[in-house]
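In what follows, a single structure is set out as structure tokens and then discussed.
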Amino acid sequence: RKGHKLMVQVQSSWFPLVDRNPQQFHNIRQATESDFRKATHRVHFSASQPSHVRVRVLAK
Numbered sequence: 012r013k014g015h016k017l018m019v020q021v022q023s024s025w026f027p028l029v030d031r032n033p034q035q036f037h038n039i040r041q042a043t044e045s046d047f048r049k050a051t052h053r054v055h056f057s058a059s060q061p062s063h064v065r066v067r068v069l070a071k
């Protein structure tokens with residue numbers, strides 16, 4: 012509805028609902044705790060190249 016707000020989350024996995032992402036090319040089934048690395052996500056933007064998110068609004 013008009014006036015509602017959306018929240019956008021940028022993440023590399025959907026843990027704990029799906030699975031953790033080690034951020035490396037390891038066999039996920041054989042990965043140990045030391046194989047997992049911290050991920051850094053960046054959203055790049057500038058006046059000439061702004062970032063944006065497109066959202067389709069579906070009819071009822």
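Using this note's numbering, the first residue of the sequence shown is number 12, and each one after it goes up by one. Built from N, CA and C at the ideal position, the CB exists for glycine as well. Being a predicted model, the structure only gives us computed values, none of them experimental.
In angstroms with no decimal places, state the Cα-to-Cα distance between H37 and G14.
As a working mapping, residue 37 is identified with position 26 in the sequence shown. As a working mapping, residue 14 is identified with position 3 in the sequence shown. Approximately 44 Å, taken between the alpha carbons.
In three-state terms, what does DSSP make of D30?
Taking the first residue of the sequence shown as position 1, residue 30 is located at position 19. Correct three-state label for D30: coil.
According to DSSP, is S45 helix, strand or coil?
Position 34 of the sequence shown, counting from 1, holds the residue named residue 45. If DSSP states are grouped into helix, strand and coil, S45 belongs with the helices.
Is H55 near S45, with beta carbons less than 8 Å apart?
The count along the sequence shown starts at 1 and reaches residue 55 at position 44. The count along the sequence shown starts at 1 and reaches residue 45 at position 34. Contact flag unset, no.
Could you check how far apart the C-beta atoms of Q34 and A50 are, in whole angstroms? I think they sit under 8 Å.
Taking the first residue of the sequence shown as position 1, residue 34 is located at position 23. Taking the first residue of the sequence shown as position 1, residue 50 is located at position 39. Yes, Q34 and A50 are in contact; Cβ-Cβ is about 5 Å, under 8 Å.
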